[in-house]
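Some notes on the structure that comes next.
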Amino acid sequence: MSASIAPMGASPQAAPPNALVLDALIIGAGFSGLYQLHALRDRLGLAAQVLEAGDGVGGTWYWNRYPGARCDSESHSYAYYFSDDLLQEWTWSERYPGQAEILRYLNFVADRLDLKRDIRLGRRVTEARYDAAANLWRVRTANGEAYAATFLITAVGCLSSANIPDIPGLQDFAGRWYHTGQWPHEGVDFTGKRVGMIGTGSTGIQAAPVIAAAAAHLTVFQRTANYSIPARNAPLTDDFKQWARDNTAELRRIMHLTPNGHPFTIADRSAHDVSAEERQAIYQAAWDKGGLQFRAAFRDLLQDKAANDTASDFLRAKIREIVKDPETAAKLANIDHGFATKRPPIDTGYFETFNRDNVALVDVRATPIERITKAGIQTRDGQEYPLDIIVFATGFDAMTGSLLKLNIHGRDGLALREAWQAGPRTYLGLQVPGFPNLFTITGPGSPSVLCNMPVPIEQHVEWIAECIRHLRANGLTRIEAQPDAAERWVAHVNAAANATLLPQAGHSWYLGANVPGKPRVFMPYAGGMARYREVCAGIVERGYEGFKLTG
Ligand code: N01
């Protein structure tokens, strides 16, 4: 336990007898939680602690250990940019960082900043209740501990609540099954096994080639065909590493300037500005270069359907070119949404995997999965696929799932689940009316998942830290988003989404459509990170407009 703990802003007697009273309690020790702890404890001198459900730090990268797990952001941008020392002291080895390397990086940061002494591992939060009389958040964990803090900050990630579809018969399956987001730490031995993988999102597309190379046979169950761009991963050269180290200021500037927080800008031309031949050459060059930068080839790919069609057609043609069996190619290229209207995956040999003799594709849109049997998966046409292992690459109850699981109750006992019955309603994705002193890092209504994640995380962490500093400097103890401000923000989030093609992919997790019964609301803010940053700064300049500050 930290020696620095000192009650602040509320009487410690008001907490349950065994509760530890803190200035700030942070839930989650991933990218967000680590930096938030540093920002509050080391810069502001607060008594702050982190509760983390896992037995190690790392968040997403602690849990997602599935075969092929790798980040889609380029490594030189997938890092904390708040500290030049950290940037200079760490060197990435590949163009895209793999799961194990990111986990090493986050442990390096936690050790370097001496964070671990204030991180309590193996603590799953089961309840958080706001006590208005004491102005304290009272938090309980699954192992029976109690905490109390003036400020409660969720750093639980946007994609951390596993979505395991409720397919009848799973309990009867005689083999083993795994969700990619809860992967066993000891790994899974696929040698000689018949594997079925459900899901062809970013995860399934990364995992399939690696599983296929190890297993006796892999059957991919595809519900929605997907685009994918080759990642073209490779070891970084010494020259590149040096270049990245020498250009951190410029990289930071670009990442703060671009809508998605990536270290590259979006071309300032429309797909209609060039001839068909030029367009083809531009797409081909982007395809050869690989990675998410493909999306930046033209400025209007996510705003103009006809522009988007040109990219979608190029990518469908690539699938047909790569996949040798025309029937399989047709199923893979039968994509019902525009490129990047769902989160675009990048891959290493995904479509090529279907040229292997030990890989089969089942289109479960045409013949849905009926049930899981003792022996495998059965589809509606009566076909049974015998399997030893089922891999659920079926994604997450994104953005709201992990927050709702915390069982949060605000003023007058208001449950977050109730407040969000019709979908998440936040102010800036940072606060929810009725929940004073609760901050949600990269919450719904903020750019979050539409970005290279460390960029929105740093902005939120710094905004929250500055807000708490401001409160303390002015003798204030409470901040709460006002309902009318949240209403206006929700309307703005909807308008920003509707100005793009993003809501048109009706089955995307951005809309919550992957989880049965979840309200269909476009959750992330599509107005761009740079614009969002300005909005947040303006609100502070105008005296925390839309928030009520009291002391
Ligand atoms: O999850 P997904 P994911 N029967 O929801 C299918 C990030 N990420 O884990 O599209 C059959 O995208 C579902 O089908 P459909 C990234 O932001 C980042 O792949 O709903 N199929 C879909 O094909 C990403 O977007 C990295 O029709 C079912 C798949 O399962 C996000 O995480 C790497 C089904 C789920 O795809 C989530 O990606 C990996 C059912 N009942 C992930 N239920 C980086 O590199 C679902 N599916 C940073």
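Residue 321 in the numbering used here sits at position 338 of the sequence shown, with consecutive numbering throughout. Even glycine gets a Cβ: it sits at the ideal position worked out from N, Cα and C.
task: Use the C-beta contact count for N126: other C-beta atoms within 10 angstroms, 16 or more gives buried, fewer gives exposed.
output: exposed
task: Out of D55, A313 and L70, state which residue places its alpha-carbon closest to the alpha-carbon of R78.
output: D55
message: Please tell me whether, using a cut-off of 7 angstroms, the distance from the CB of V346 to the nearest non-hydrogen atom of the ligand N01 is below it.
response: According to the sequence shown, residue 346 is Asp rather than Val. Every heavy atom of the ligand N01 is 7 angstroms or more from the Cβ of D346, so no.
- prompt: Just how far apart, CA to CA, sit R514 and Y63?
  reply: 21 angstroms
- prompt: Once you ignore the five residues that flank H392 on each side, which residues in its own chain have a CB closer than 8 angstroms to its CB?
  reply: E110, A111, R112, Y113, A398 and L399
task: Counting only the same chain and skipping the five closest in sequence on each side, list residues whose C-beta sits under 6 angstroms from that of R106.
output: L34 and T124
message: According to DSSP, is L5 part of a helix, a strand, or is it coil?
response: strand
message: Pairs of beta-carbons, one from the region 318 to 325 and one from the region 209 to 221, closer than 8 angstroms: are there three or more?
response: yes
- request: Please classify H490: is it buried, with 16 or more other beta-carbons within 10 angstroms of its beta-carbon, or exposed?
  value: exposed
query: Where DSSP assigns a beta bridge to W120, which residues make up the other side?
result: Y113 and A132
- prompt: Unbroken beta strand (DSSP E) runs of length 3 or more, entirely within the region 186 to 255: which are they?
  reply: 200 to 205
field: Nearest neighbour of Q276, chosen from V415, R215, R461 and W492 [CA to CA]
entry: R215
- prompt: For S429, does the count of other Cβ atoms within 10 angstroms reach 16, so buried, or fall short, so exposed?
  reply: buried
query: For I451 versus L27, is the C-beta spacing smaller than 8 angstroms?
result: yes
Boundaries of the beta strand (DSSP E) in which D292 is found, first to last residue: Counting along the chain, D292 falls outside any beta strand (DSSP E), though it belongs to the alpha helix (DSSP H) covering K288 to I305.
- prompt: Using the C-alpha atoms, what's the distance from P246 back to R235?
  reply: 8 angstroms
query: What are the complete alpha helix (DSSP H) segments, minimum 4 residues, inside the region 9 to 52?
result: 14 to 20 and 43 to 46
message: So, with DSSP's three-state summary, where would you put S(-13)?
response: Here the model assigns S(-13) a pLDDT of 32, short of 50, so the residue's position is not dependable and the matter cannot be decided.
query: Looking at the unbroken alpha helix (DSSP H) that takes in I440, where does it start and where does it end?
result: P437 to A456
- prompt: How long is the line joining the alpha carbons of W120 and A2, rounded to whole angstroms?
  reply: 11 angstroms
field: Validate contact between the region 462 to 469 and the region 477 to 484 using beta carbons, cut 8 angstroms, 3 pairs
entry: no
field: Sequence-distant residues of the same chain with beta carbon closer than 6 angstroms to G51, five excluded per side
entry: Q189, A190 and V193
query: With C-beta atoms as the reference, is G41 less than 8 angstroms away from G11?
result: no
message: Taking the straight line between their C-alpha atoms, what separation do you get for G526 and D229?
response: 38 angstroms
message: I'd like to know whether the C-beta atoms of M512 and C434 end up nearer to each other than 8 angstroms.
response: yes
In DSSP terms, what M180 is bridged to: V203 and V374
- prompt: Can you tell me whether DSSP reads R326 as helix, strand or coil?
  reply: coil
query: In this structure, what does DSSP give as the bridge partners for F530?
result: A464
Minimum length 4: unbroken alpha helix (DSSP H) runs contained in the region 137 to 161: none
- request: Please look up how many angstroms separate the CB atoms of P419 and I462, rounded, as I've assumed it's under 8 angstroms.
  value: 7 angstroms
field: Distance, G140 Cα to T409 Cα
entry: 16 angstroms
Cα-Cα separation, Q263 to L315: 21 angstroms
- request: Specify, as a first and last residue, the run of the alpha helix (DSSP H) that D67 falls within.
  value: D67 to E72
query: Any chance the CB of P148 is under 7 angstroms from a heavy atom of the ligand N01?
result: yes
- request: Following the continuous alpha helix (DSSP H) through A269, name the residue where it begins and the one where it ends.
  value: A259 to K272
- request: Please state whether DSSP places D346 in a helix, a strand or coil.
  value: strand
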